[in-house]
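For reference, the structure is listed below as structure tokens.
There are 2 protein chains.
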Amino acid sequence: MLGMPSKSTFAPLTNDTLRDRTAEVISEAIISGRIRPGERLNESQLARELRVSRAPVREALQRLQEQSLIVNVPRRGMFVVSLDDEDIQKINSLRVILEAEALRLTRRHLTPQGERRLAQLITAIESMHATPTSQAVRVDLEFHRAIWLLTGNEYLEKTLTSLTAPLFAHLVLNLLRSEKMRLVLDSHRPLYDFVRGRSDASAEDVMVAHLRVRYHDPVRFSSLVAPVQPTHADTV
Amino acid sequence: MLGMPSKSTFAPLTNDTLRDRTAEVISEAIISGRIRPGERLNESQLARELRVSRAPVREALQRLQEQSLIVNVPRRGMFVVSLDDEDIQKINSLRVILEAEALRLTRRHLTPQGERRLAQLITAIESMHATPTSQAVRVDLEFHRAIWLLTGNEYLEKTLTSLTAPLFAHLVLNLLRSEKMRLVLDSHRPLYDFVRGRSDASAEDVMVAHLRVRYHDPVRFSSLVAPVQPTHADTV
DNA sequence: TGACTGCCTGTTGTCGACAGACGACAATGT
DNA sequence: ACATTGTCGTCTGTCGACAACAGGCAGTCA
């Protein structure tokens, strides 16, 4: 052990590949709204702008496709995913379930560092005024991801990341009026309170309330609500 | 509309790309256990065996990586994912939650066709005797996927597919003794009964019972069970 | 005028090739 | 004998090129 340069003598000298960075950059561009839903992604153009060849771009696009950020039409191209209300409700009905689990797990073994990290993000969120929407959404996502990471279940983190990615891409484009943005930002504190054990509500209720600020009815397609009507009409 | 060859005058003349078929084939090979966990995937070799160039192989591997079927070590290669007990429990704790939702949604609007489809699969499952493990696991997966599809929520289907894919890959290798296989196969009927409304148990209980046949404790990392002990030991 | 047909252009899908990185192993020095 | 360094082969990461395809446009025929 002696003489071996123990950790952090040197910074780890980025080991990423072009494909990884390409995927990261494109993903960020979609979530931040710089590339709009429905837009076609031209591989050659992306490659030119990123100063790489098409190969890493195409490999990156495969990954983003699997993350539901883009959809592929064979021999036509890749298109930024475009969600309608039904898509959003379907995703949110799952998000409520998984985020509720994340809240419970995080509350169960919240460490002092974890609490500090969340406190820091809450402060950042609540001190935002008249900031660009894209930046607000970025911090929003960062707060949620912090909780996901604190669960200790990396599969939960991964699942929620790819499930909600298109939601955040959609959010940045539909949250332009700042008075609503204020409400959205402030709706994070109940989550913070929950994981600190300062809430008696169920995790599901906390999450539904949180999402209801953004979306009209986050649980319409969830089994949490009563069925509308069992309609087999088309089958008899 | 008139004169246009309405559906199924001709078979739709496969529109897939090589990469799609490549991903499908490799995925199947992993889930069926023909490629074992931890094994390194040689791109050139795969390309040779599939009679394609490396480009579609690499693009396919990116997708499978996003599905948690393989992991990438930059400049070292792709390796078939290898799960330890903790991974399995973490995945199962989420699987219970999502599959329970799937059961409820399917029960809510089960159509006669849907019921027939499931009945057919149950019959196939229960009539299997001394069949190869890989084939049993295939039907197992097919039954679950049928339920996922019947939920009407394509995001739930997609999420469960990529979440559980590595589980089935693991299952086929650890289910060799046939007396256990019989139990596993028979454990599907309660799910079938549930979606037909023939069960009073909660969807979670049904699912936990179903998974407990395979795995020792599917919910150890779930918030469904009481916390073991809130241990911040490493942080103070 | 309207619809059909055949080019034309831009883009994707696929390929083969090359450079650099990694691991294995031999060579060297102590 | 052991550790370190140098060398070699193999494989990945990336690139440029070509072929195949889709949609747009114009020309042709009724």
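Listed in order, the protein sequences are those of chains R and Y.
Position one of the first sequence corresponds to residue 1 (my numbering), numbered consecutively onward.
Position one of the second sequence corresponds to residue 237 (my numbering), numbered consecutively onward.
Backbone N, C-alpha and C fix where the C-beta goes; we use that ideal spot for every residue, glycine too.
It should be emphasised that the depicted structure is a prediction, and the values quoted were computed from it without experimental measurement.
Can you tell me the Cβ-Cβ gap for residue i and residue j, rounded? I've got them flagged as a contact below 8 Å.
i                      : j                      : result
residue 65 of chain R  : residue 71 of chain R  : 7 Å
residue 91 of chain R  : residue 163 of chain R : 6 Å
residue 80 of chain R  : residue 35 of chain R  : 6 Å
residue 456 of chain Y : residue 325 of chain Y : 5 Å
residue 191 of chain R : residue 126 of chain R : Actually they are not in contact, since the Cβ atoms of residue 191 of chain R and residue 126 of chain R sit about 13 Å apart, beyond 8 Å.
residue 258 of chain Y : residue 286 of chain Y : 6 Å
residue 159 of chain R : residue 395 of chain Y : 6 Å
Have a look at residue i and residue j and give me their C-alpha separation to the nearest angstrom.
i                      : j                      : result
residue 97 of chain R  : residue 205 of chain R : 10 Å
residue 30 of chain R  : residue 60 of chain R  : 13 Å
residue 128 of chain R : residue 136 of chain R : 8 Å
residue 93 of chain R  : residue 222 of chain R : 5 Å
residue 172 of chain R : residue 24 of chain R  : 18 Å
residue 471 of chain Y : residue 264 of chain Y : Residue placement at residue 471 of chain Y is flagged as unreliable, the pLDDT there being 44, under the threshold of 50; the coordinate-derived value follows with that caveat. Going from the Cα of residue 471 of chain Y to the Cα of residue 264 of chain Y covers about 43 Å.
residue 423 of chain Y : residue 18 of chain R  : 47 Å
residue 167 of chain R : residue 275 of chain Y : 36 Å
residue 169 of chain R : residue 161 of chain R : 12 Å
residue 303 of chain Y : residue 119 of chain R : 33 Å
residue 114 of chain R : residue 346 of chain Y : 43 Å
residue 54 of chain R  : residue 312 of chain Y : 22 Å
residue 101 of chain R : residue 460 of chain Y : 9 Å
residue 278 of chain Y : residue 16 of chain R  : 20 Å
residue 12 of chain R  : residue 37 of chain R  : 36 Å
residue 131 of chain R : residue 33 of chain R  : 15 Å
residue 432 of chain Y : residue 352 of chain Y : 11 Å
residue 377 of chain Y : residue 10 of chain R  : 47 Å
residue 392 of chain Y : residue 443 of chain Y : 16 Å
residue 45 of chain R  : residue 69 of chain R  : 19 Å
residue 375 of chain Y : residue 389 of chain Y : 22 Å
residue 26 of chain R  : residue 452 of chain Y : 42 Å
residue 469 of chain Y : residue 112 of chain R : For residue 469 of chain Y, the pLDDT reaches just 47, beneath the cut-off of 50, and the residue's location in the model is therefore unreliable, although a value from the coordinates is still provided. Using only the alpha carbons, I get a separation of about 11 Å.
residue 434 of chain Y : residue 425 of chain Y : 11 Å
residue 20 of chain R  : residue 314 of chain Y : 14 Å
residue 360 of chain Y : residue 52 of chain R  : 51 Å
residue 99 of chain R  : residue 335 of chain Y : 16 Å
residue 462 of chain Y : residue 226 of chain R : 28 Å
Any idea if residue i is buried or exposed, counting beta-carbon neighbours within 10 angstroms, 16 or more meaning buried?
i                      : result
residue 133 of chain R : buried
residue 293 of chain Y : buried
residue 74 of chain R  : exposed
residue 48 of chain R  : exposed
residue 430 of chain Y : buried
residue 401 of chain Y : buried
residue 143 of chain R : buried
residue 439 of chain Y : buried
residue 479 of chain Y : Chain Y is shown only over 237 to 472; residue 479 of chain Y falls outside these bounds and no answer can be derived.
residue 200 of chain R : exposed
residue 413 of chain Y : exposed
residue 218 of chain R : buried
residue 238 of chain Y : Here the model assigns residue 238 of chain Y a pLDDT of 37, short of 50, so the residue's position is not dependable and the matter cannot be decided.
residue 210 of chain R : buried
residue 7 of chain R   : No answer about residue 7 of chain R holds up, because its pLDDT of 44 lies below 50 and its placement is not dependable.
residue 331 of chain Y : buried
- Query: Are three or more beta carbon pairs between the region 340 to 354 of chain Y and the region 377 to 390 of chain Y nearer than 8 Å?
  - Reply: yes
- Query: Taking a cut of 8 Å between CB atoms, which residues from the region 251 to 279 of chain Y lie near chain R?
  - Reply: 251, 252, 253, 255 and 256
- Please list the residues of the region 344 to 358 of chain Y that have a C-beta atom closer than 7 Å to any C-beta atom in chain R, keeping them in chain order. 344, 345, 347, 348 and 349
- Any contact of the region 316 to 324 of chain Y with the region 414 to 424 of chain Y, i.e. 3+ C-beta pairs under 8 Å? no
- Members of the region 210 to 221 of chain R near chain Y, C-beta cut-off 9 Å: 221
- Please list the residues of the region 391 to 423 of chain Y that have a C-beta atom closer than 8 Å to any C-beta atom in chain R, keeping them in chain order. 391, 392, 394, 395, 398 and 399
- Task: Taking only beta carbons into account, state which residues of the region 90 to 102 of chain R come closer than 8 Å to chain Y, listed in chain order.
- Result: 90, 91, 93, 94, 97, 98 and 101
- Between the region 61 to 73 of chain R and chain Y, which residues of the former have a C-beta closer than 8 Å to a C-beta of the latter? 62, 63, 65, 66, 67 and 68
- Message: Counting only Cβ-Cβ distances shorter than 7 Å, please list the residues of the region 77 to 89 of chain R near chain Y, keeping chain order.
- Response: none
- Task: May I ask you to list, following chain order, the residues of the region 45 to 62 of chain R that have a beta carbon less than 9 Å from some beta carbon of chain Y?
- Result: 55, 58, 59, 60, 61 and 62
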